[in-house]
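In the numbering used here, the protein residues as written are 2 to 122. Using N, Cα and C, we set each Cβ at its ideal position, and we do this for glycine too.
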């Protein structure tokens, strides 16, 4: 079973978000949530919310399809950060000049899955 969640237009630069995402790639969902809860980076809070949403989506899908659901079986099968649109702002500088500030955004996507059990013959 696979469930997906994404957050778009997060006001976190993609490079900073990728640092956080690399900490939890491939880990169990509960372990990843614990890591994110105590990570000191600012990007860990929005990534925490996306992972939590993916786990909740998995629970809803399991209920809908009448599948036995155990949250401890879930692991992060895919997680990636894409660059969103950049907001451009200008800051006044000396002698009438303007300095461009780029406020970058991110799109975070998380896919959680249960490990596929292979049939033994």
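Can you round the beta-carbon distance between residue i and residue j to whole angstroms, since I take them to be within the 8 Å contact cut?
| i | j | result |
| --- | --- | --- |
| residue 72 | residue 112 | That pair is no contact at about 16 Å. |
Run through DSSP, which three-state label would residue i get?
| i | result |
| --- | --- |
| residue 7 | strand |
| residue 57 | helix |
| residue 25 | helix |
| residue 112 | strand |
| residue 78 | strand |
| residue 99 | strand |
| residue 107 | strand |
| residue 15 | helix |
For the alpha helix (DSSP H) that residue i lies in, which residues bound it at each end?
| i | result |
| --- | --- |
| residue 36 | 30-39 |
Relative to the alpha-carbon of residue i, which residue among the options has its alpha-carbon at the smallest distance?
| i | options | result |
| --- | --- | --- |
| residue 100 | 65, 8 and 90 | 90 |
| residue 3 | 42, 104 and 75 | 75 |
| residue 12 | 64, 117, 103 and 96 | 103 |
Quick check: the Cα distance between residue i and residue j, rounded to an integer number of angstroms?
| i | j | result |
| --- | --- | --- |
| residue 54 | residue 16 | 22 Å |
Counting along the chain, where does the beta strand (DSSP E) carrying residue i start and finish?
| i | result |
| --- | --- |
| residue 90 | 88-93 |
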